[in-house]
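Structure first, then comments.
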Amino acid sequence: MTTRPMSALPKFSIFVATALAILAVGFSASAAGSPPLAGSLSDFIVLDEAPPTPDTPFISADGGSIKLHDFAGKPLLVNFWATWCPPCIRELPGLEALSLQGERDGFEVLIISLDKGGPSVFKPFLSDRLGLEHLKSASDPRGKLARALGVRGLPATFILDSQSKLVGLKIGPAEWDSPEALALLKYYVKKGS
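For the sequence shown, the positions run 350 to 542 when the numbering used here is used.
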């Protein structure tokens with residue numbers, strides 16, 4: 350049986366510890382380089398190169414004209430929906446919960462209705478029918494902004510970074526009140542700071 354001299358063991362241990370530390374740093378750096386995608390957000394599409402955000406105006410809940418650039422300063426989740434879209438309606442309570450969390454964590458949630466009647470249709474639907482009072486809402490009754498973003502189905506959700514650059518999208522429903530959704534938005538908050 351051969352044995353190693355005692356002086357070789359500490360050198361070997363230092364080598365192994367150093368190699369493990371280098372691997373751990375490399376792994377955490379690559380993990381920090383991309384957003385966490387899991388659960389109902391596993392098919393979230395990350396845009397490596399942000400296309401220009403459309404400068405297309407849409408209608409605020411109070412009837413004024415606004416643009417996505419008006420929300421610069423914090424990451425923004427934009428969800429396109431309609432009162433006639435059952436999957437959209439199922440998402441709304443989760444979006445409201447995420448919105449309330451965003452007030453604490455530094456991001457915003459905006460839902461944009463594609464209903465033809467504008468705020469007079471979706472505002473009572475949200476408050477009276479669903480009991481949702483805390484969602485920032487807007488309207489795109491002619492679908493101009495939705496078309497500019499390439500929306501082809503509902504629900505459709507986009508995330509803009511704090512400089513109003515489009516960084517990703519999710520087509521179809523998601524569990525917006527999930528830990529995965531919160532982790533995704535917190536990733537963009539941290540990335541922007």
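Virtual Cβ for every residue (Gly too), placed ideally from N, Cα, C.
Complete runs of the beta strand (DSSP E) confined to the segment 472-514 [at least 3 residues]: Taken in chain order, the whole beta strand (DSSP E) runs of length 3 or more contained in the segment 472-514 are 485-488 and 505-509.
Assumed close pair I394, L518 - CB separation to whole angstroms, cut-off 8 Å: Translated into positions along the sequence shown, residue 394 becomes position 45. Translated into positions along the sequence shown, residue 518 becomes position 169. Going by Cβ atoms, the distance from I394 to L518 rounds to 5 Å, so yes, they are a contact pair.
From V458, S469, S476 and K465, residue whose alpha carbon lies closest to that of L533: Position 184 of the sequence shown, counted from the start, is the residue given in the question as residue 533. Answer by Cα proximity: V458.
Meets three-Cβ-pair contact criterion under 8 Å: the segment 502-509 and the segment 464-481: Here the segment 502-509 does not lie against the segment 464-481, with fewer than 3 beta-carbon pairs under 8 Å apart.
Between the CA atoms of L396 and S377 - distance to the nearest angstrom: Taking the first residue of the sequence shown as 1, we reach residue 377 at position 28. Taking the first residue of the sequence shown as 1, we reach residue 396 at position 47. Caution is warranted here: a pLDDT of 34 is assigned to S377, below 50, making its placement in the model unreliable, and the coordinate value is therefore given only provisionally. C-alpha separation (whole angstroms): 21 Å.
Sequence-distant residues of its chain with Cβ nearer than 6 Å to D464 (five each side left out): Sequence index remark: in the sequence shown, residue 464 carries index 115 (1-based). For D464, where only same-chain residues beyond five positions count, the Cβ hits under 6 Å are A431, T432, V470 and F471.
Whole-number beta carbon distance between G422 and S511, since they are thought to touch under 8 Å: Within the sequence shown, the letter at position 162 stands for residue 511. Within the sequence shown, the letter at position 73 stands for residue 422. Between G422 and S511 the Cβ distance is about 6 Å, and since that is below 8 Å, they are a contact.
Buried or exposed by the 16-neighbour rule on C-beta atoms within 10 Å, applied to E452: Mapped onto the sequence shown, residue 452 falls at position 103. By the neighbour-count rule (16 or more Cβ atoms within 10 Å), E452 is not buried but exposed.
Assigned exposure category for E398 - 16 Cβ within 10 Å defines buried: Sequence index remark: in the sequence shown, residue 398 carries index 49 (1-based). By the neighbour-count rule (16 or more Cβ atoms within 10 Å), E398 is not buried but exposed.
Inter-residue spacing [alpha-carbon to alpha-carbon] between P424 and P406: The residue you call residue 424 lines up with position 75 of the sequence shown. The residue you call residue 406 lines up with position 57 of the sequence shown. Approximately 19 Å between the Cα atoms of the pair.
Cβ-based burial, D489 [other Cβ within 10 Å; buried from 16]: In the sequence shown, the residue the question calls residue 489 occupies position 140. Buried, by the Cβ-count rule.
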